[in-house]
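All remarks here apply to the structure that follows.
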Amino acid sequence: MTVRPLVVVFDVNETLSDLGPMGGRFTEVGAPPELSRVWFAGVLRDGFALTAVGACEPFAMLAADSLRTVLHGVPLNRDVDAAVDHVMGGFAELRVHPDVPDGIRALRAAGHRLVTLTNGAVQVADRLLTGAGVRDEFERLLSVDDAGVWKPAEGAYAYAARTCGVEPAEMLLVAVHPWDIDGARRAGLQAAWVNRTGTPYPSCFTAPTMTVSGLDDLARRIRT
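Per my numbering, the very first residue in the sequence shown carries number 53; after that it's consecutive.
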């Protein structure tokens, strides 16, 4: 790293939150649990597609629409609207990954300013971090809803830098998604890829500034 980051910016969905339990929500409405991953990937696809043509819609709206598509033709145990409501309700019960609380506290104790930047809603991030007991460690919870453009578009990261009053190079984006890492790097940020599973990083994307196994590992890596 060439510059010690002043602000550490966290993606929320999958980076901080464990989306694994969402598969159980699909099971509970009579759908295969593996549809959870198909659905979430479709939400991202639709958000990126709208961003590419200059449009921006809330995550929750796209998620509900995508659910109706994914669940079409599946023999559910309730009507589709009730099934959509049940699956969407799972976001309110998500928990953070085990490495998150200690990592967050260590980063804040080391003097870093912490913020989130999510393609989802601020309310979801607030509930998640409050439940983990680390909400007060964060200076701001930011969403692309206020940026007017989804990540990985440059405008989303520029909005975060502008809001925090720093240069992009003084920010470190932390995410599990290579597309987010690539977007941040192209926007001038440093970026830490959280690789909890040992998955290879796609060569088509700009490489991260560093790769870490979790937020506890990140805190050790940027302590000085």
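Using N, Cα and C, we set each Cβ at its ideal position, and we do this for glycine too. Note that the structure is predicted; figures quoted are calculated from it, not measured.
From the options, residue whose alpha carbon lies closest to that of residue i
i	options	result
C216	K203, G200 and L193	L193
V64	G200, Y211 and R147	R147
M74	C256, G141, K203 and Y211	G141
G106	A208, R273, T251 and M262	A208
G82	L128, F62 and I274	L128
V136	W91, D188 and E206	W91
L68	A93, V196, P85 and G183	G183
F62	R275, V174 and G250	V174
I274	L87, D131, A162 and R97	A162
A236	M262, R97, G72 and P252	M262
V132	P110, E80 and D151	E80
D197	A104, P84, V264 and P110	P110
Span of the beta strand (DSSP E), counted from its first residue to its last, around residue i
i	result
A244	Q242 to V246
R165	R165 to T170
V264	M262 to V264
Run of the alpha helix (DSSP H) containing residue i, from where it starts to where it stops
i	result
S132	One point to set straight first is that residue 132 is Val, not Ser, in the sequence displayed. Taken as a continuous stretch (DSSP letters only), the alpha helix (DSSP H) holding V132 covers V132 to M140.
G155	V152 to A161
A271	L267 to R273
Under 9 Å between C-beta atoms of residue i and residue j
i	j	result
S58	E222	Inspection of the sequence shows that residue 58 is occupied by Leu rather than by Ser. Their beta carbons are under 9 Å apart, which means L58 touches E222 by this criterion.
V246	L224	no
V226	V122	no
G172	A239	no
P260	A244	yes
G99	L119	no
P153	G185	yes
V139	R77	yes
V343	A144	Because residue 343 is not part of the residues shown, which for the chain are 53 to 276, the question remains open.
Cβ shell of residue i (< 8 Å), same chain only, five flanking positions each side left out
i	result
V55	A221, E222 and Q242
D70	L146, R147, V148 and H149
A116	V136 and M140
L180	V64, L68, S69, L146, R147 and V148
Nonlocal neighbours in the same chain, by C-beta distance under 7 Å from residue i, ignoring five residues either side
i	result
E191	R165, L166 and V167
A213	E219, P220 and M223
L87	F78 and V122
P84	F78
Neighbourhood of residue i by C-beta, 6 Å cutoff - its chain only, sequence neighbours within 5 removed
i	result
C108	G200 and V201
W231	P204
A271	G155, A158 and L159
F257	P230 and D234
E66	V228
L169	V61, L194 and A212
> At what residue ranges does the stretch 180-232 contain a whole run of the beta strand (DSSP E), taking only runs of 3 or more?
Replying inline: For the stretch 180-232, the full-length beta strand (DSSP E) segments reaching 3 residues or more read 192-195 and 223-227 along the chain.
>> So within the stretch 57-129, which uninterrupted alpha helix (DSSP H) runs reach at least 4 residues, ignoring any that extend past its ends?
In response: Here the runs fully enclosed are 74-80, 87-104 and 111-122.
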